[in-house]
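Residue numbers (the numbering used here): 1047 to 1305. We put the beta carbon where it would ideally sit given N, CA and C, even for glycine. In this text, all values refer to a predicted model and were calculated from it rather than measured experimentally. What follows is a short report on a single structure.
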Ligand SMILES: NC(=O)c1ccc[n+]([C@@H]2O[C@H](COP(=O)([O-])OP(=O)(O)OC[C@H]3O[C@@H](n4cnc5c(N)ncnc54)[C@H](OP(=O)(O)O)[C@@H]3O)[C@@H](O)[C@H]2O)c1
């Protein structure tokens, strides 16, 4: 094995990826399985998860699908039960499920606000607690990777709830890192800039996206593959064993040019 292969080998790990039915989560599932982890794919659209399971298995990986709405506390616990039954304790959790909830602040209802918080932030707290309790009980080390956003540091028009929730994701990453370190559970985050997925494909297909792309120093939006190395780094104890509470920004320099 080369040093790189050894550093990023995830053999023996059990990963659970929320929001694995599209975009970044789909890619995360493929990458983690490719590195040797057994991967539990979770989201509401089970037919999409089944497609991804087929893709992973065709490439020689191991995956299992769990239908999950992350806004339900019992649902999260049940998903972990199913994961455990299939592969054993989840040692690697990727809190990826998210929605943008784009709306002007004056037009937003309480329910709109709550929905964005529930999916993007409350679910991160809930799933992380579930993962940590089970890891502690099993006496195993683990890694939790939260998918934040550069809007956890900056703001943008009509994305107030999203930006507040993602700022919360950056903060909960630090807070849980401090609390879970004594249990050998690391908590880190990735803060992507604009990456082409279903969450934004309509916008980037339109002419409206031109000025935004010109604002990005690298003059392009990212692709899900641009996050592969950050994911692999944070997933692997061998590669990032001394990292916890960190948020890796992957954005083509966008955060520093947002004004
Ligand atoms: N793309 C970007 O530019 C970008 C930038 C920064 C951060 N992010 C973050 O990256 C993450 C993934 O986004 P994406 O770009 O891949 O968007 P996407 O293609 O729209 O994927 C979002 C995923 O979240 C899942 N999801 C939504 N609500 C859910 C719920 N209640 N329960 C369970 N799963 C739910 C969806 O699955 P189901 O509909 O099947 O449930 C889907 O798999 C999000 O947290 C997003 O905020 C994205």
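Residue i versus residue j - alpha carbon distance
| i | j | result |
| --- | --- | --- |
| residue 1129 | residue 1288 | 27 Å |
| residue 1296 | residue 1255 | 19 Å |
| residue 1121 | residue 1169 | 11 Å |
| residue 1230 | residue 1108 | 25 Å |
| residue 1279 | residue 1155 | 39 Å |
| residue 1067 | residue 1142 | 11 Å |
| residue 1147 | residue 1160 | 10 Å |
| residue 1060 | residue 1264 | 35 Å |
| residue 1176 | residue 1184 | 12 Å |
| residue 1253 | residue 1261 | 14 Å |
| residue 1179 | residue 1205 | 33 Å |
| residue 1240 | residue 1196 | 9 Å |
| residue 1172 | residue 1118 | 9 Å |
| residue 1298 | residue 1247 | 18 Å |
| residue 1200 | residue 1217 | 14 Å |
| residue 1135 | residue 1304 | 41 Å |
| residue 1249 | residue 1102 | 30 Å |
| residue 1094 | residue 1065 | 11 Å |
| residue 1126 | residue 1096 | 18 Å |
| residue 1150 | residue 1105 | 44 Å |
| residue 1123 | residue 1048 | 38 Å |
| residue 1266 | residue 1242 | 10 Å |
Among the options, nearest to residue i - alpha-carbon criterion
| i | options | result |
| --- | --- | --- |
| residue 1132 | 1139, 1084, 1100, 1251 | 1084 |
| residue 1213 | 1194, 1282, 1225, 1205 | 1194 |
| residue 1116 | 1096, 1137, 1136, 1091 | 1091 |
| residue 1071 | 1088, 1060, 1058, 1276 | 1088 |
| residue 1063 | 1277, 1286, 1299, 1242 | 1277 |
| residue 1110 | 1079, 1280, 1137, 1181 | 1079 |
| residue 1268 | 1294, 1185, 1238 | 1238 |
| residue 1069 | 1265, 1252, 1244, 1274 | 1244 |
| residue 1211 | 1241, 1179, 1167 | 1167 |
| residue 1054 | 1197, 1302, 1282, 1249 | 1282 |
| residue 1081 | 1126, 1100, 1056 | 1056 |
| residue 1274 | 1125, 1140, 1123 | 1140 |
| residue 1192 | 1220, 1182, 1203, 1181 | 1220 |
| residue 1013 | 1202, 1227, 1106, 1093 | No statement about residue 1013 is possible, as the shown extent of the chain runs from 1047 to 1305 and does not include it. |
| residue 1228 | 1266, 1251, 1186 | 1186 |
| residue 1270 | 1105, 1073, 1049 | 1073 |
The alpha helix (DSSP H) enclosing residue i, as first and last residue numbers
| i | result |
| --- | --- |
| residue 1119 | 1119-1133 |
| residue 1100 | 1092-1104 |
| residue 1224 | 1206-1226 |
| residue 1173 | 1169-1184 |
| residue 1284 | 1283-1286 |
| residue 1050 | 1049-1053 |
| residue 1258 | 1256-1261 |
| residue 1086 | Note, residue 1086: premise wrong, no alpha helix (DSSP H); beta strand (DSSP E) at 1084-1089. |
| residue 1070 | 1069-1080 |
| residue 1162 | 1156-1163 |
| residue 1251 | 1247-1251 |
Distance between beta carbons of residue j and residue i, contact taken as under 8 Å
| i | j | result |
| --- | --- | --- |
| residue 1259 | residue 1190 | With a Cβ gap of about 32 Å, residue 1259 and residue 1190 do not count as contacting. |
| residue 1075 | residue 1138 | Not really, about 12 Å apart at Cβ, beyond 8 Å. |
| residue 1158 | residue 1207 | 7 Å |
| residue 1235 | residue 1290 | Contact doesn't hold; Cβ gap of about 11 Å is too wide. |
| residue 1086 | residue 1112 | 6 Å |
| residue 1284 | residue 1052 | 7 Å |
| residue 1174 | residue 1222 | 6 Å |
| residue 1162 | residue 1182 | Rounded, the Cβ-Cβ distance is 30 Å, inconsistent with contact. |
| residue 1198 | residue 1215 | 6 Å |
Start-to-end residues for the beta strand (DSSP E) that takes in residue i
| i | result |
| --- | --- |
| residue 1189 | 1188-1193 |
| residue 1113 | 1108-1113 |
| residue 1232 | 1231-1238 |
| residue 1294 | 1293-1296 |
| residue 1139 | 1138-1141 |
| residue 1061 | 1060-1064 |
Chain C contact for residue i (CB, 8 Å cutoff)
| i | result |
| --- | --- |
| residue 1217 | Absent from the structure is chain C; it holds one protein chain and no more. |
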